[in-house]
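Counting from 145, one number per residue, gives the positions in the sequence shown under our numbering.
We put the CB at the ideal spot given by N, CA and C, even for glycine.
Computed from a predicted model, the values in this text were never measured in an experiment.
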Amino acid sequence: MGVVVASAPAKVILFGEHFVVYGEPAIVLAIDKRAYAKVEIRQDKRLFIHSQNLGVSAFFEDDDIKVEKGDLKEAKIKLEPIKCAVEKVLKKAGEKVGLNVEVHSTVPVAAGLGSSAAVASAVAAAVGAALNVEMSKEDVFRIAFEAEKIMHGTPSGVDPAISTFGGTMLFQLDTGFKPLEVKADIPLVIGNTGVERSTRVQVAKVRELRDKYPQIIEPMMRTAREIVLQAVEALRKGDLQTLGELMNINHALLYGLGVSDESLEWLINAARRAGALGAKLTGAGGGGCMIALASMERLEKVLEAVQRAGASAFIARKTDEGVKIESS
Ligand code: PMV
145 MGVVVASAPA
155 KVILFGEHFV
165 VYGEPAIVLA
175 IDKRAYAKVE
185 IRQDKRLFIH
195 SQNLGVSAFF
205 EDDDIKVEKG
215 DLKEAKIKLE
225 PIKCAVEKVL
235 KKAGEKVGLN
245 VEVHSTVPVA
255 AGLGSSAAVA
265 SAVAAAVGAA
275 LNVEMSKEDV
285 FRIAFEAEKI
295 MHGTPSGVDP
305 AISTFGGTML
315 FQLDTGFKPL
325 EVKADIPLVI
335 GNTGVERSTR
345 VQVAKVRELR
355 DKYPQIIEPM
365 MRTAREIVLQ
375 AVEALRKGDL
385 QTLGELMNIN
395 HALLYGLGVS
405 DESLEWLINA
415 ARRAGALGAK
425 LTGAGGGGCM
435 IALASMERLE
445 KVLEAVQRAG
455 ASAFIARKTD
465 EGVKIESS
């Protein structure tokens, strides 16, 4: 087997972030921006990993690491999830071969777009194909989830699920994932504030507020649930107008929780002024990315407005295509 390339999609949380931590439902969408993993078998037993976006590369052999690019600590931490995904597939194959693994993502990393999970899914699939191991999507998901745990401690599993299976999903802690039927194309503008944020810090902030004002936050939780339920219906019908309005209401709740910031508000207002049907922060907030929904006619205008407001922004659409082998 020569060179194998696999890819997997990034994601946005359309509705329900933060509230999902307390058991409410959330809607997650795979977008047509992907991460790629290129894998080939080496003649020796070493594992070489290169991440274009993270700017690190290293050789691994047993417990040894030899850094090619970046510093040792950085390479160890940042490449560990990829190494974990590779090793899980090698274990499944019952083989010990050397591999070259190169990854790159077409979405910004650490911005709440699920880039690390998409990389892990693509790596698992590509290594599986290179070694000729039968890998179901379930297998890829499980391996990407293990890799994600190294990155994020106790993630919900939403990111590896959506990047493996693609499409649109309803997620709830107690019931897990459910694919959603979506009639329309969902044309989104994604704007990156470039402000670094920590999911952990934002989640802790919300927890504090909830502990302090339970009677106030509880009804907000119920409102968030109702937004998601109505959004499921709007997605089913392809009703973009309603989806936009629900995004605005959802954002108001997130603002109330204190997880928006100036950089997000700036971009969200720019998108709305340019005629977006709705706009909100996506993911943890406190920086990171916002999303705006727009009609086809307005999409370019909204993109330009968000870019003019200072963001690096791009257009994304939903994709049903989960992890896949691009070439082998
Ligand atoms: O920004 P992200 O992709 O890390 O999303 C965080 C989503 C939260 O609901 C805020 C946290 C969580 O674990 O669900």
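Same chain, Cβ closer than 6 Å to I361, five either side skipped, listed in chain order: Within the same chain, I361 has close Cβ partners R354.
As assigned by DSSP and simplified to three states, the class of M279: DSSP places M279 outside both helix and strand once states are collapsed to three, so it counts as coil.
Once DSSP output is grouped into helix, strand and coil, what is the label at V467? Look at V467 here: in three-state DSSP terms it is coil, with no helix or strand label.
Relative to the C-alpha of V165, which candidate in K349, K327, G382 and V183 has its C-alpha closest? When only C-alpha atoms are compared, the closest one is K349.
For F159, which of Q346, G422 and I294 has the nearest alpha-carbon? Closest option to F159, judged by alpha-carbon separation, among Q346, G422 and I294: G422.
Could you round the C-beta distance between G466 and A274 to whole angstroms and report it? I think they count as a contact, below 8 Å. With 8 Å as the limit, G466 and A274 do not qualify as a contact, their Cβ atoms being about 19 Å apart.
Using the beta-carbon count (16 or more within 10 Å), is E212 buried or exposed? By the 10 Å Cβ count, E212 comes out exposed.
Buried or exposed: R178, going by 16 or more other Cβ atoms within 10 Å of its Cβ? When all chains shown are included, R178 counts as buried.
Taking one C-beta from the region 367-382 and one from the region 400-407 each time, how about it: are there three or more such pairs within less than 8 Å? As far as the Cβ criterion goes, the region 367-382 does not touch the region 400-407, which means the pair count is below three.
Sub-8 Å separation of K227 and L191 beta-carbons: Cβ atoms of K227 and L191: closer than 8 Å.
Considering just the uninterrupted stretch of the alpha helix (DSSP H) at S259, what are its terminal residues? That run of the alpha helix (DSSP H) goes S259 to A274.
Nearest-angstrom beta carbon gap, V253 and L198 [assumed within contact, 8 Å]: The beta-carbon distance between L198 and V253, rounded to whole angstroms, is 7 Å. This is short enough to meet the 8 Å contact definition.
Euclidean distance between Cα positions of K424 and E161: Take the alpha-carbon of K424 and the one of E161: they are about 11 Å apart.
Buried or exposed: where does V345 fall if 16 or more other Cβ atoms within 10 Å of its Cβ makes it buried? By the C-beta density criterion, V345 is exposed, having fewer than 16 other C-beta atoms within 10 angstroms.
Three-state secondary structure (DSSP) of D215: Residue state, collapsed to three classes: coil.
On a Cα-Cα basis, can you pick out the residue from V446, A154 and G431 that is closest to A438? When each option's Cα is compared against that of A438, the closest is V446.
Measure the alpha-carbon distance for V247 versus P363 and round it to whole angstroms. Straight-line measurement puts the Cα of P363 at about 43 Å from the Cα of V247.
So is the beta-carbon of I157 under 7 Å away from any non-hydrogen atom of the ligand PMV? At least one heavy atom of the ligand PMV sits closer than 7 Å to the Cβ of I157.
L447: first and last residue of the uninterrupted alpha helix (DSSP H) it sits in: Residues L443 to R452.
Burial state of D208, where buried means 16 or more other Cβ atoms lie within 10 Å: Exposed, because fewer than 16 other Cβ atoms sit within 10 Å of the Cβ of D208.
Does the ligand PMV have even one heavy atom less than 7 Å from the beta-carbon of Q316? Short note on Q316: C-beta not closer than 7 Å to any heavy atom of the ligand PMV.
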